[in-house]
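Peer 1:
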Amino acid sequence: MAVLLWAQPQPNQKPPVLLPPEAAKMAARIGPVSRTSAVANTHAIVRRSDRTDPNDGLGLSVLASRNDLLPTVNGRVRSGRFLSLSTDRLPTVVLGHQAAARLGIPRIVPGQQAPQVIIDQTWFSVIGILDPVPLAEDLDRSVLVGWQTAKQELAFDGHPTVVYVRADEDAMEAVADVLPATVYPQLPGLVQVSRPSDALAAKRAADSTFSALFLGLSGVALLVGGIGVANTMYISVLERRSEIGLRRALGANRRQIRGQFMTESVVLSLLGGVAGTVMGALATVAYVTYQGWPPVIPLTAIAMGTGGATAIGVLAGVYPSVRAARLAPTEALSTA
Numbered sequence: 001m002a003v004l005l006w007a008q009p010q011p012n013q014k015p016p017v018l019l020p021p022e023a024a025k026m027a028a029r030i031g032p033v034s035r036t037s038a039v040a041n042t043h044a045i046v047r048r049s050d051r052t053d054p055n056d057g058l059g060l061s062v063l064a065s066r067n068d069l070l071p072t073v074n075g076r077v078r079s080g081r082f083l084s085l086s087t088d089r090l091p092t093v094v095l096g097h098q099a100a101a102r103l104g105i106p107r108i109v110p111g112q113q114a115p116q117v118i119i120d121q122t123w124f125s126v127i128g129i130l131d132p133v134p135l136a137e138d139l140d141r142s143v144l145v146g147w148q149t150a151k152q153e154l155a156f157d158g159h160p161t162v163v164y165v166r167a168d169e170d171a172m173e174a175v176a177d178v179l180p181a182t183v184y185p186q187l188p189g190l191v192q193v194s195r196p197s198d199a200l201a202a203k204r205a206a207d208s209t210f211s212a213l214f215l216g217l218s219g220v221a222l223l224v225g226g227i228g229v230a231n232t233m234y235i236s237v238l239e240r241r242s243e244i245g246l247r248r249a250l251g252a253n254r255r256q257i258r259g260q261f262m263t264e265s266v267v268l269s270l271l272g273g274v275a276g277t278v279m280g281a282l283a284t285v286a287y288v289t290y291q292g293w294p295p296v297i298p299l300t301a302i303a304m305g306t307g308g309a310t311a312i313g314v315l316a317g318v319y320p321s322v323r324a325a326r327l328a329p330t331e332a333l334s335t336a
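Each residue of the sequence shown is one higher than the one before, counting from 1 in the numbering used here.
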């Protein structure tokens with residue numbers, strides 16, 4: 001099984017470390033390496049329109065990219081096509097999936113004019129949008145320009161900033177040991193090698209921990225809400241004893257009394273669940289809009305929120321409704 005490694009200069013070096021333009025080809029000479037590719041930060045700013053703030057790049061990176069990048073990082077095109085020899089000297093770009101969302105370009109429609117973005121002072125046609133790339137998440141927030149196009153349009157100097165290497169898993173450690181000296185033989189200590197799969201595993205572990213934490217907090221909130229509903233309904237039974245007695249005297253049976261209070265408990269919880277879901281959805285939309293992300297609220301989350309609140313209402317209403325149904329008419333009317 002092949003794994004992905006990347007090599008890049010150590011950060012905050014003065015002067016900055018410049019990997020040689022042929023660094024990817026040099027890495028390909030390592031025996032167990034099956035694929036290599038590279039990207040380079042052009043430090044250009046991308047905008048959707050020339051009427052927007054020229055200094056607001058939406059937090060996106062404009063990267064010069066080799067044409068063989070996708071198979072190296074195990075990426076896939078969601079819409080359109082990737083860079084190739086036929087586009088290598090044309091003003092064309094491919095967007096990562098987050099970059100496409102922030103620029104407001106959801107898809108490439110065949111047969112229609114390609115959407116355009118402006119990078120520095122040059123207009124570029126968007127020819128493709130990528131699926132998320134788990135092994136190279138920086139690409140999700142990137143605008144990819146062909147290597148030669150970046151040189152002629154963006155004053156790119158040809159020095160890569162990240163070299164991606166795909167190698168056999170059994171030889172991973174050996175490749176990682178020789179990779180710095182291979183891509184930067186002058187000072188190998190100034191090159192760091194990372195394994196994205198390790199970072200991905202750490203990220204998933206952190207996400208799992210946060211999910212468990214939020215799930216626990218949600219459980220506590222549901223428990224407190226259920227206790228609140230049960231307390232409200234119990235007090236309601238005590239305050240409405242005369243009403244219960246009058247209804248029983250007029251012919252209402254225990255089942256009808258029990259159903260009345262159970263329905264009130266469920267309606268109270270359902271209204272609270274709907275209100276909480278609406279407030280949560282509005283807060284989510286406001287936050288993601290501020291971040292420049294597309295708002296996506298799964299219907300399953302809405303259904304689970306309201307369904308959970310309803311279930312809590314049923315459980316919270318059991319004891320008060322049973323207590324109300326067991327009141328004898330004479331006992332209940334004596335409190336009037």
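Ideal Cβ positions, reconstructed from N, Cα and C, are used throughout, including at glycine. Keep in mind the model is a prediction, meaning the values are calculated, not measured.
Figure out for me which residue from 81, 91, 43, 139 has the closest Cα to the Cα of residue 99.
Peer 2: Residue numbering aside, residue 99 sits at position 99 when the sequence shown is read from its first letter. The residue among 81, 91, 43, 139 with its C-alpha nearest the C-alpha of residue 99 is 139.
Peer 1: When you compare only the Cα positions, how much space is there between residue 106 and residue 73?
Peer 2: Taking the sequence shown and counting its residues from 1, one reaches residue 106 at position 106. Taking the sequence shown and counting its residues from 1, one reaches residue 73 at position 73. So the two alpha carbons sit approximately 22 Å from each other.
Peer 1: Quick check on residue 6: buried or exposed, where buried means 16 or more other Cβ atoms within 10 Å of its Cβ?
Peer 2: Position 6 of the sequence shown, counted from the first residue, corresponds to residue 6. Flag for residue 6 reads buried.
Peer 1: Which whole-angstrom value describes the C-beta separation of residue 229 and residue 316, a residue pair presumed to lie in contact below a C-beta threshold of 8 Å?
Peer 2: In the sequence shown, the residue the question calls residue 229 occupies position 229. In the sequence shown, the residue the question calls residue 316 occupies position 316. Confirmed, Cβ separation roughly 4 Å.
Peer 1: I want to know whether the region 181-189 touches the region 58-70 - three or more CB-CB distances under 8 Å.
Peer 2: no
Peer 1: Taking residue 112 as the reference, give the member of 104, 126, 119 with the closest Cα.
Peer 2: The residue you call residue 112 lines up with position 112 of the sequence shown. Among 104, 126, 119, the Cα nearest to that of residue 112 is on 126.
Peer 1: State the beta-bridge partners of residue 119 as determined by DSSP.
Peer 2: Translated into positions along the sequence shown, residue 119 becomes position 119. BP columns for residue 119 point to 46, 122.
Peer 1: Do residue 167 and residue 39 come within 7 Å of each other at the CB atom, strictly closer than that value?
Peer 2: One-based indexing of the sequence shown puts residue 39 at position 39. One-based indexing of the sequence shown puts residue 167 at position 167. Their beta carbons are not under 7 Å apart, which means residue 39 does not touch residue 167 by this criterion.
Peer 1: When every heavy atom of the ligand NAD is checked, does at least one fall within less than 6 Å of the C-beta of residue 159?
Peer 2: Among the components of this structure there are no ligands whatsoever, and the ligand NAD is therefore not found.
Peer 1: Can you tell me whether DSSP reads residue 179 as helix, strand or coil?
Peer 2: Position 179 of the sequence shown, counting from 1, holds the residue named residue 179. Here residue 179 sits in helix by DSSP.
Peer 1: Just to confirm, is the Cβ distance from residue 68 to residue 148 under 7 Å?
Peer 2: Locating residue 68 in the sequence shown gives position 68, where the first residue counts as 1. Locating residue 148 in the sequence shown gives position 148, where the first residue counts as 1. Contact flag unset, no.
Peer 1: Across which residues does DSSP place residue 36 in a beta bridge pair?
Peer 2: On the sequence shown, residue 36 is found 36 positions in, with the first residue counted as 1. Answer is 165, bridged to residue 36.
Peer 1: Since residue 108 contacts residue 114 with CB under 8 Å, what's their CB separation in whole angstroms?
Peer 2: As a first step, residue 108 must be located in the sequence shown, where it is residue number 108. As a first step, residue 114 must be located in the sequence shown, where it is residue number 114. Contact flag correct, Cβ pair sits at about 7 Å.
Peer 1: Runs of 3 residues minimum, wholly inside the region 52-89: which ones carry the beta strand (DSSP E) assignment?
Peer 2: 61-65, 77-80
Peer 1: Using 7 Å as the threshold, is the C-beta distance between residue 161 and residue 41 below it?
Peer 2: Taking the sequence shown and counting its residues from 1, one reaches residue 161 at position 161. Taking the sequence shown and counting its residues from 1, one reaches residue 41 at position 41. Cβ distance < 7 Å, so residue 161 and residue 41 count as in contact.
Peer 1: If I follow the unbroken alpha helix (DSSP H) through residue 313, where does it start and stop?
Peer 2: For the purposes of this step, residue 313 is taken as the residue at position 313 of the sequence shown. Element bounds for residue 313: 299-325.
Peer 1: Please classify residue 245: is it buried, with 16 or more other beta-carbons within 10 angstroms of its beta-carbon, or exposed?
Peer 2: Along the sequence shown, one-based indexing puts residue 245 at 245. Per the 10 Å Cβ criterion, buried.
Peer 1: Hey, how far is the Cα of residue 287 from the Cα of residue 295?
Peer 2: Here residue 287 refers to the residue found at position 287 when the sequence shown is read from its first residue. Here residue 295 refers to the residue found at position 295 when the sequence shown is read from its first residue. Going from the Cα of residue 287 to the Cα of residue 295 covers about 9 Å.
Peer 1: With a threshold of 16 other CB atoms inside 10 Å of the CB of residue 110, please say whether the residue is buried or exposed.
Peer 2: If you number the sequence shown from 1, residue 110 lands on position 110. Burial call: exposed.
Peer 1: What separation, rounded to the nearest whole angstrom, lies between the Cα atoms of residue 22 and residue 305?
Peer 2: Counting from one through the sequence shown, the residue named residue 22 turns up at place 22. Counting from one through the sequence shown, the residue named residue 305 turns up at place 305. One C-alpha to the other measures close to 55 Å.
Peer 1: With DSSP as the reference, label residue 191 as helix, strand or coil.
Peer 2: Reading the sequence shown from its first residue, position 191 is the one you call residue 191. Strand at residue 191.
Peer 1: Determine the extent of the beta strand (DSSP E) in which residue 143 is found, giving its start and end residues.
Peer 2: Locating residue 143 in the sequence shown gives position 143, counting from the first residue. Start and end: 142-146.
Peer 1: Would you list the one or two residues that DSSP bridges to residue 129?
Peer 2: Here residue 129 corresponds to residue number 129 of the sequence shown, with the count starting at 1. Looking at the DSSP assignment, residue 129 forms a beta bridge with 79, 95.
Peer 1: Measure how close the beta-carbons of residue 47 and residue 118 come, nearest whole angstrom, since I'm counting them as under 8 Å.
Peer 2: Walking along the sequence shown from the start, residue 47 turns up at place 47. Walking along the sequence shown from the start, residue 118 turns up at place 118. Yes, they are in contact, since the Cβ atoms of residue 47 and residue 118 sit about 5 Å apart, within 8 Å.
Peer 1: With DSSP as the reference, label residue 3 as helix, strand or coil.
Peer 2: Here residue 3 refers to the residue found at position 3 when the sequence shown is read from its first residue. Note: residue 3 maps to strand in three-state DSSP.
Peer 1: Evaluate residue 92 with the Cβ neighbour count: other Cβ atoms within 10 Å of its Cβ, from every protein chain shown; 16 or more gives buried, anything less gives exposed.
Peer 2: On the sequence shown, residue 92 is found 92 positions in, with the first residue counted as 1. By the neighbour-count rule (16 or more Cβ atoms within 10 Å), residue 92 is buried.
Peer 1: Just the C-alpha distance for residue 312 and residue 70, rounded to the nearest angstrom, thanks.
Peer 2: Sequence index remark: in the sequence shown, residue 312 carries index 312 (1-based). Sequence index remark: in the sequence shown, residue 70 carries index 70 (1-based). Cα to Cα, the separation comes out at about 49 Å.
Peer 1: Using CA atoms only, rank isn't needed, just tell me which of 238, 30, 121, 18 is closest to residue 159.
Peer 2: Sequence index remark: in the sequence shown, residue 159 carries index 159 (1-based). Per the Cα distances, 18.
Peer 1: As a quick exercise: from 329, 77, 270, pick the residue whose alpha carbon is nearest that of residue 133.
Peer 2: Counting from 1 along the sequence shown, the entry for residue 133 is found at position 133. That would be 77, whose Cα lies nearest to the Cα of residue 133.
Peer 1: With distance defined between alpha-carbon atoms, name the residue in 172, 236, 56, 275 nearest to residue 323.
Peer 2: Counting from one through the sequence shown, the residue named residue 323 turns up at place 323. Taking only the C-alpha atoms, the option nearest residue 323 is 236.
Peer 1: If you reduce the DSSP assignment to three classes, tell me which class residue 41 lands in.
Peer 2: As a working mapping, residue 41 is identified with position 41 in the sequence shown. Looking at residue 41 - three-state DSSP - the assignment turns out to be strand.
Peer 1: Ordered along the chain, which non-local residues of its own chain (more than five positions away) have a Cβ less than 7 Å from that of residue 329?
Peer 2: Numbered from its first residue, the sequence shown carries residue 329 at position 329. Annotation for residue 329: 245, 248, 249 place their beta carbon closer than 7 Å to its own, counting only its chain and skipping 5 residues before and after.
Peer 1: Sorted by chain position, which residues of the same chain lie with C-beta nearer than 7 Å to residue 307's C-beta, five sequence neighbours on each side aside?
Peer 2: By one-based count along the sequence shown, residue 307 stands at place 307. So no residue of the chain qualifies.
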